[in-house]
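J.:
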Amino acid sequence: MPRSLIKNALIAWWIGLLSYVPLSDASSRFVLDKVVVVARHGVRSPTDDHHYAALTGQRWPTWNVPPGHLTGHGYTGMVQQGKFFAEQWQHLGLALPLRQGCPAPQSVNVWTAPDQRTQATGSALLDGLFPGCGIPVAHTQAPTDPLFDASKMGIAPPDTTIILQQIHAKMAAYTPLSAHYRAAVALFRQAVCAPHTTSCAFLNEPWDINIADNGQPKLAGPVAYAASMAESIRLAYSENLPLSEVAFGHVRQAKDVGQLMALHAAKYDLVSDTPEYARQGGSLLMTQILDALAGKPTRYASHLASPIVIFVGHDTNIAQLQTMLGFNWQLAEYPRNDIPPGGSLVFLRFHEANTGKQFIQLSFMTRSLDQWRALTPLSLDMPMLEADYFDKGCFRYHEKTLCPLPTFIRQARQQPKVQDSGYLLFQ
1 MPRSLIKNAL
11 IAWWIGLLSY
21 VPLSDASSRF
31 VLDKVVVVAR
41 HGVRSPTDDH
51 HYAALTGQRW
61 PTWNVPPGHL
71 TGHGYTGMVQ
81 QGKFFAEQWQ
91 HLGLALPLRQ
101 GCPAPQSVNV
111 WTAPDQRTQA
121 TGSALLDGLF
131 PGCGIPVAHT
141 QAPTDPLFDA
151 SKMGIAPPDT
161 TIILQQIHAK
171 MAAYTPLSAH
181 YRAAVALFRQ
191 AVCAPHTTSC
201 AFLNEPWDIN
211 IADNGQPKLA
221 GPVAYAASMA
231 ESIRLAYSEN
241 LPLSEVAFGH
251 VRQAKDVGQL
261 MALHAAKYDL
271 VSDTPEYARQ
281 GGSLLMTQIL
291 DALAGKPTRY
301 ASHLASPIVI
311 FVGHDTNIAQ
321 LQTMLGFNWQ
331 LAEYPRNDIP
341 PGGSLVFLRF
351 HEANTGKQFI
361 QLSFMTRSLD
371 QWRALTPLSL
381 DMPMLEADYF
391 DKGCFRYHEK
401 TLCPLPTFIR
411 QARQQPKVQD
421 SGYLLFQ
């Protein structure tokens, strides 16, 4: 299609979205003027399944992309998600300056982790938000990025004494862990282990917590391998692989996948969601989000001042932010606080038309397992699953859940442990 026709189609598409907004919403008391998103990448192939066959005695599915790469199915799903975001944000009043049918320079900024799956997810979101515009994503050329990989890079190592205290306190609530997770281990064994006595020996190992040489906590016992295996099962179902290849035919519906995710959820509940661990890994990203929402003039303003700012990273990044914010959710068949592919923390900043006062709506949004599997088109009538943050001082207004922005930022700024002044970001 000639470029001019693409531009004309895009203009018509945006005008169509604008015309969809009812007059009562277009002239709403609260108008959306800023969006910050932290998204997990879309559906990918497993990253570490090369040893699964030896551990379980069964051959796991073969994928058509390299390990850890975004699949074509995952790309298409994230394009749909970008299109849904565009429809929702326009419905809430977000207005972007257009130049020849595309967003004006500096009105959209997308920064991704350096992995293929995160870069490709950023491109997919932009293809859905602004089709035909060819807006590039930005990322570091280095193999790691302090915004997403602070823990891996050893930035401000956590206090291992505090981490162990916090993890042991959680473990004590489930004492003994072997009894608390006995049913989950039995279900997992039935689903993935070959029927002979030597398979899945790791499920018989005692639960324990160790500190690695880099200061990071690691769970020993069933979760050591079952957490990533459960994620691989979820990915296979979401990718629309034949059900015979999803947990070796033991999954018939989305609910079955959710039940097999229990040991994956245990890893996050017991370790990843502990406050000290989260603050060490998520502080730098949290600071950029808050600076973007506050409109604070910093040395990174060129990346943060755009009306739309999107970060694309991993479930660990969202788990760290979720823990620091004290934001919890339970959605559909997923475990508590689960972060599926494409799951996103969405920060929407509104201003009150009459007073100029600023408010924020914070949501966690994700597709259901069956929406992923079928690549169900998303729309305001067929939306993503959503949970809204609510704290003292927040209130409901029509379909919005609004919290005073100054209060939200003041409370959230108490969480970061690592200051960004000592690091070069967005490099």
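For what it's worth, full-length UniProt numbering labels the leading residue of the sequence shown as 1, then goes sequentially.
In this text, a Cβ means the ideal position worked out from N, Cα and C, and glycines have one as well.
Counting only the same chain and skipping the five closest in sequence on each side, list residues whose C-beta sits under 6 Å from that of V37.
T.: The residues are I310, S344 and V346.
J.: Which residue spans inside the stretch 212-290 form an unbroken alpha helix (DSSP H) run of at least 4?
T.: Runs found: 223-238, 254-260 and 262-267.
J.: Write down the C-beta distance between S238 and V43 rounded to the nearest angstrom, noting that I regard them as a contact closer than 8 Å.
T.: S238 to V43, Cβ: 5 Å. Contact.
J.: Starting from R40, follow its DSSP beta bridges and name the residues at the other end.
T.: Looking at the DSSP assignment, R40 forms a beta bridge with G313.
J.: Closest to L270 by CA distance: which of K170, S244 and I360 is it?
T.: Of the listed residues, the one whose Cα sits closest to L270 is K170.
J.: Quick test of your reading: P217 and L263, contact by CB under 8 Å. State the CB separation rounded to the nearest angstrom.
T.: With a Cβ gap of about 17 Å, P217 and L263 do not count as contacting.
J.: At what residue ranges does the stretch 85-122 contain a whole run of the beta strand (DSSP E), taking only runs of 3 or more?
T.: DSSP runs (the beta strand (DSSP E)) wholly in the stretch 85-122: 108-112.
J.: What three-state label does DSSP hand A294 in the structure shown?
T.: A294: helix per DSSP, three-state reduction.
J.: Please identify the residue among L378, A305, A387 and P146 whose C-alpha is closest to the C-alpha of L424.
T.: Considering only alpha carbons, the answer is P146.
J.: Do G281 and Q322 have their CB atoms nearer than 9 Å?
T.: Cβ distance not < 9 Å, so G281 and Q322 don't count as in contact.
J.: Do A265 and D315 have their C-beta atoms closer together than 9 Å?
T.: Taking 9 Å as the Cβ cut-off, A265 and D315 do not qualify as a contacting pair.
J.: How many angstroms separate the CA atom of A26 from the CA atom of H91?
T.: Per-residue confidence for A26 stands at a pLDDT of 42, beneath the threshold of 50, marking its modelled position as unreliable; the derived number appears in the next sentence. Taking the straight line joining both Cα atoms gives about 8 Å.
J.: I'd like to check one pair, G132 with L375: are the Cβ atoms closer than 9 Å?
T.: No.
J.: Whole angstroms are fine: how far does the CA of F359 sit from the CA of L405?
T.: Rounded to the nearest angstrom, the two C-alpha atoms are 4 Å apart.
J.: So what does K34 bridge to, in DSSP terms?
T.: For K34, which the question treats as bridged, DSSP gives the partners R349.
J.: Taking D370 as part of the alpha helix (DSSP H), name the residues at either end of that continuous run.
T.: Note, D370: alpha helix (DSSP H), L369 to A374.
J.: Count the C-beta pairs between the stretch 186-197 and the stretch 55-62 that are closer than 8 Å, then say yes if the count reaches three, no if not.
T.: Yes: the two stretches touch, three or more of their Cβ pairs being nearer than 8 Å.
J.: Report the three-state DSSP secondary structure of Q358 (helix, strand or coil).
T.: Q358 falls in the strand class under three-state DSSP.
J.: With a threshold of 8 Å, establish whether the CB of S302 neighbours any heavy atom of the ligand HEM.
T.: This structure does not include the ligand HEM; it has no bound ligands of any sort.
J.: So for R189, helix, strand or coil by DSSP?
T.: R189: helix per DSSP, three-state reduction.
J.: Could you round the C-beta distance between Q415 and M324 to whole angstroms and report it? I think they count as a contact, below 8 Å.
T.: So it is a contact: roughly 4 Å between Cβ atoms.
J.: Can the beta-carbon of Y389 be found less than 9 Å from the beta-carbon of F327?
T.: Yes, the Cβ-Cβ distance between Y389 and F327 is below 9 Å.
J.: Does T287 pass the burial test, meaning 16 or more other C-beta atoms within 10 Å, or should it be called exposed?
T.: Looking at its Cβ environment, which holds 16 or more other Cβ atoms inside 10 Å, T287 is buried.
J.: Can you say whether A186 is buried or exposed, counting buried as having 16 or more other CB atoms within 10 angstroms of its CB?
T.: The residue in question, A186, is exposed, as its Cβ has fewer than 16 Cβ neighbours within 10 Å.
J.: Please tell me whether V137 and L348 are closer than 9 Å, where the distance is taken between their beta carbons.
T.: Contact flag unset, no.
J.: Going by C-alpha distance, which of F426, D33 and T47 is nearest I233?
T.: For I233, the nearest C-alpha among the options comes from T47.
J.: Quick one: what does DSSP say T323 is sitting in, helix, strand or coil?
T.: In the structure shown, T323 sits in a helix (DSSP, three-state: H, G or I).
J.: Report the CB separation of S363 from E386 in whole angstroms; it is logged as a contact under 8 Å.
T.: Confirmed, Cβ separation roughly 5 Å.
J.: For S344, does the three-state DSSP call read helix, strand or coil?
T.: Of the three classes helix, strand and coil, the one that applies to S344 here is strand, per DSSP.
J.: Would you identify the three-state DSSP class for K152, choosing helix, strand or coil?
T.: Three-state DSSP puts K152 in a helix.
J.: Have a look at the DSSP bridge pairing and note the partners of M78.
T.: Answer is none; M78 lacks a bridge partner.
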